[in-house]
Structure formats: structure tokens, C-alpha cells
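Colleague: All letters in the sequence shown, in the order written, are residues 1 to 111 by the UniProt record's numbering.
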Amino acid sequence: MDQLTIREKVGANYILLELSGAVNAYTISEFQEKVYSYIPDSNVVIDMAQVIQLDSSGIGVVIAGHNDGEKFGTKLFIMNPSDAARHSLERTGFLDTFNIIHSVTEVADAS
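#1: Quick one: give me the first and last residue of the alpha helix (DSSP H) that VAL51 is part of.
#2: At which residues does the alpha helix (DSSP H) containing ILE28 begin and terminate?
#3: Within the continuous beta strand (DSSP E) that includes LEU16, where are the two ends?
#4: Quick check on SER88: buried or exposed, where buried means 16 or more other Cβ atoms within 10 Å of its Cβ?
#5: Around the C-beta of LYS102, are 16 or more other C-beta atoms found within 10 angstroms, so that it is buried, or is it exposed?
#6: Reducing DSSP to helix, strand and coil, say where VAL62 ends up.
#7: State the DSSP-derived secondary structure class of PHE72, mapped to helix, strand or coil.
#8: If you measure between the beta carbons of ASN80 and ALA49, is that distance less than 8 Å?
#9: Going by Cα to Cα distance, which pick from GLY93, PHE94, ASP55, LEU76 is closest to ASP47?
#10: At the level of alpha carbons, what is the spacing between THR74 and ALA84?
#11: Whole angstroms is fine: what's the gap from residue 131's alpha carbon to GLY60's?
This is the structure in C-alpha cells:
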């Protein structure tokens, strides 16, 4: 069965969610809950370096988080997407829409 581990870290102006594993319909609930609860009040950085799968349900959470951030005046960032995650995001046609970063230090520059 697929697994997703989420580690949280709090930064100066962001919440970092470090994902490890598969982000899909079977594992999405905790990820979705965290993104939706944090984005109204804080920038959210999603570290996808250890993501082995990102399906349409995971992409849906990323898109919704991005859109909610625009509504609330916060931002959702994708940090270091793995090859699997980047490929899935590219297939949406919206890759350039997302805030892709390589380090959390870029959050301060973008806020």
C-alpha cells in the first residue's frame, strides 16, 4: 500500500511540509488538510524532493492551495520537485504558474 510521510517545520514566514512517498488518492487526506489549514494565514512550502508519485488528486491540492493563497494574500511554493513530481506538474500545462523554488530562503524574496 502507498504511503506518504509529512514532516512539518515552521519558518519565519512560512510552514514547510516535507513530503516523502506517494501523493495520490490513497494518501491525500492529511496533505490536503495541512495545505488547506495553513494557506489562509501563512506561506506554504511543499518540499517534493522525496515524492515518488504525484497523481491528479495531489495536483488538485497543489492547484487549490495556489489559488487559495492568491485569495488570502499568501503563497504556495513547490521546493525541489523530484523527477516524478516535476513530470506530473509539467503534464498539467501549468508548471510556469507554480512558484518553484530551490531553497526556503527564496520565500522571503518572493513575499
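Don't be surprised by glycine CBs; every beta carbon is placed ideally from N, CA and C.
Modeller: Inspection of the coordinates gives the following:
#1: For VAL51, no alpha helix (DSSP H) segment is defined; the enclosing uninterrupted segment is the beta strand (DSSP E) at 43-54.
#2: It spans 28-38 - the alpha helix (DSSP H) in which ILE28 sits, taken as one unbroken run.
#3: According to the DSSP assignment, LEU16 belongs to the beta strand (DSSP E) that extends over 14-23.
#4: Around the beta carbon of SER88, a 10 Å sphere encloses 16 or more other beta carbons of the protein chains shown; the residue is thus reported as buried.
#5: Lys is not the amino acid found at residue 102; the sequence shown has His there. HIS102 is exposed by the Cβ-count criterion.
#6: The answer is helix: DSSP assigns VAL62 an H, G or I state.
#7: PHE72: helix per DSSP, three-state reduction.
#8: Taking 8 Å as the cut-off, the beta carbon of ASN80 is found closer than this to the beta carbon of ALA49.
#9: Taking ASP47 as reference, the option from GLY93, PHE94, ASP55, LEU76 with the minimal CA-CA separation is LEU76.
#10: Their Cα atoms are separated by approximately 26 Å.
#11: In the structure as shown, the chain starts at 1 and stops at 111, and residue 131 therefore has no counterpart that could be examined.
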